[in-house]
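Student:
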Amino acid sequence: MNSNVPGPIVFAGAPYSGMTPMIVTAAEVARRGAEVYFVGTESYRPEFDERTAGTGAKYLSLGAGDSPADPSTWDDETFRSFTQPSRWRSAKAFVRHNLDIDIQIDWYRRLEAEVERLRPSLLVVDCLSQYAIDLAMTRGIPFVVEACLMPSFVLQPWLPKDYPWPYSGLPREMSRGQRITNAWFRFRMRTVMFRPGVFGKAIAYAKQARAMGINAKAMHPRARIEAASLVMFHTPLDLEYPFPAPENVVSVGSITPKLPEAPEERSVRSWLDDHESVVYLAFGTINRLSPQSIGAMLAAAARLAPHAMLWKIPKDQWEQRPGDVAVPDNVRVEHWVPSQFDVLAHPNVKVFFTHAGSNGMHECLNFGKPMVSRPGWIDCHDIAHRIDDAGMGLTLDDVDTVHADDVVDKLTRVLSDPSFTERARYWSARQRELGGVARAADLILAHATPV
57 MNSNVPGPIV
67 FAGAPYSGMT
77 PMIVTAAEVA
87 RRGAEVYFVG
97 TESYRPEFDE
107 RTAGTGAKYL
117 SLGAGDSPAD
127 PSTWDDETFR
137 SFTQPSRWRS
147 AKAFVRHNLD
157 IDIQIDWYRR
167 LEAEVERLRP
177 SLLVVDCLSQ
187 YAIDLAMTRG
197 IPFVVEACLM
207 PSFVLQPWLP
217 KDYPWPYSGL
227 PREMSRGQRI
237 TNAWFRFRMR
247 TVMFRPGVFG
257 KAIAYAKQAR
267 AMGINAKAMH
277 PRARIEAASL
287 VMFHTPLDLE
297 YPFPAPENVV
307 SVGSITPKLP
317 EAPEERSVRS
327 WLDDHESVVY
337 LAFGTINRLS
347 PQSIGAMLAA
357 AARLAPHAML
367 WKIPKDQWEQ
377 RPGDVAVPDN
387 VRVEHWVPSQ
397 FDVLAHPNVK
407 VFFTHAGSNG
417 MHECLNFGKP
427 MVSRPGWIDC
437 HDIAHRIDDA
447 GMGLTLDDVD
457 TVHADDVVDK
467 LTRVLSDPSF
477 TERARYWSAR
487 QRELGGVARA
497 ADLILAHATP
507 V
């Protein structure tokens, strides 16, 4: 590691990706005396200010940043197109909707102005921050990629042909029919840029990038990874289905802040203290449950007593619950919790009932809690397979229509069979061995050029 003080380090996030882990990492680097700047949209400034208070890190705004990839901008029709049963149609819809030329160019120019002013020694970029990777490769600035996504999603050029293709929702062990489906899905995803509604956008972006002098190699996924000084994943590489990763790839494990995050919070903690076995139910900020699904969850919860359920669900969704379904006494509903980390760390939380998103999976894995998954969309189906194959969870049989019997069956099995908790604890220990935020900061500082 460099013993000299590095020049400015600029973190560039993607507002619809793993912002919290990147902010936690930026705060740790700043605490070590580095000059740290964080680039993001205004919506993340409050979280940044809270997590980096007293570190000297500064926020650089990308503006309001109303990107179509931001889930808060999706209407119900768009959301349904991403969560439809067909893995191919949902992936195609996601690519077509989120390929936004104007916002990427705007963010590129905003970051370019800051880079010109700051002359950073290193850029730390989220794997989905195309604008930042474009700029780093164009200006020749060393950059480190931080990825909350599964390694196979980011390293697709290195995947073997028979690998369960990202977003296919297929397991490692496939039947003959599944192998045919996988090959066809792989072909279609590799040619998705030539599809109607996508090709025109891709050509327009390429023309704009050429006019701005953006390095043409930045358009190619393999070149982006090879140009990075380092690619840091939060997923243990051995949790993934195996494939030959490039030499600049490492895993640092889950990025977890100092706990408790909300020591002043008493109500939820006291309730958890009073219940010996709790299922924590949270399907993230993206998913939208139907009234039928909410009713099925409540019916299942009533049958799970004496186990209790802490359910974090947005208020607007909760208000759509069926009027004829009572809320069982063993259920506590919260529309927001101050810290999901604090909830998952509580010893009385025995199982995490999740949509199998990457951030939630890493957080849960850190605390050694088994999972039951109802995959929400796009990559969640692939993550659920990893959870199940690692022996630390089960997935609902029908993820499109929630059935109370299915929920009761999966939760009962995970709660009663100690092997799920044992495997979750094994992966927790494995993840902690990777070093977490301390090692991430070490690696970033090691790649920053000294003044």
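Mapping the sequence shown onto my numbering, position 293 (from 1) lands on 349, and the numbers just tick up by one. Cβ atoms here follow ideal geometry from the backbone N, Cα and C, with glycine treated the same way.
1) Under the assumption that P127 contacts I342 (Cβ atoms under 8 Å), give the Cβ distance between them as a whole number of angstroms.
2) Output the distance between the C-alpha atoms of P378 and T451, rounded to the nearest integer angstrom.
3) Report buried or exposed for E91, applying the criterion of at least 16 other Cβ atoms within 10 angstroms of its Cβ.
4) Looking at H503 and L286, is the spacing between their C-beta atoms short of 8 Å?
5) How would you write the range of the alpha helix (DSSP H) that T417 sits in, first residue to last?
6) Look up F470 in the DSSP assignment and say whether it is helix, strand or coil.
7) With DSSP as the reference, please indicate the residues paired to S307 in a beta bridge.
8) Report the residue from M75, A262, A358 whose alpha carbon sits nearest the alpha carbon of V381.
9) On the three-pair Cβ rule with 8 Å, is the segment 383 to 395 touching the segment 318 to 333?
10) Would you please state the rounded distance, in angstroms, between the beta carbons of T505 and P198? I believe it to be under 8 Å.
11) Quick test of the definition: if touching needs 3 or more C-beta pairs under 8 Å, does the segment 186 to 198 touch the segment 256 to 270?
12) Could you tell me which residues DSSP puts in a beta bridge with E91?
13) Going by the beta-carbon positions, is the gap between I311 and V85 smaller than 8 Å?
14) Tell me where the alpha helix (DSSP H) around F255 begins and ends.
15) According to DSSP, simplified to helix, strand and coil, what is L118?
16) Check each candidate in V306, I439, P313, W327 and name the one with the smallest Cα separation from I500.
17) Grouping DSSP H, G and I as helix and E and B as strand, with all else coil, what is V171?
18) Are there three or more Cβ pairs, one per stretch, closer than 8 Å when the segment 233 to 249 is compared with the segment 456 to 467?
19) Just to confirm, is the Cβ distance from V428 to V470 under 8 Å?
Tutor: So, from the listed chains and residues:
1) About 4 Å; that satisfies the 8 Å criterion.
2) 25 Å
3) buried
4) Yes; because the gap between Cβ atoms is below 8 Å, this pair is in contact.
5) The sequence shown places Met at residue 417, rather than the Thr named in the question. Taken as a continuous stretch (DSSP letters only), the alpha helix (DSSP H) holding M417 covers 414 to 422.
6) For the record, residue 470 in the displayed sequence is Val; it is not Phe. Correct three-state label for V470: helix.
7) F289
8) The option with the nearest alpha carbon to V381 is A358.
9) yes
10) 7 Å
11) For the pair of segments examined, the segment 186 to 198 was found to touch the segment 256 to 270: the number of CB pairs separated by less than 8 Å reaches three.
12) None; E91 has no bridge partner.
13) no
14) 255 to 267
15) Residue state, collapsed to three classes: coil.
16) V306
17) helix
18) no
19) yes
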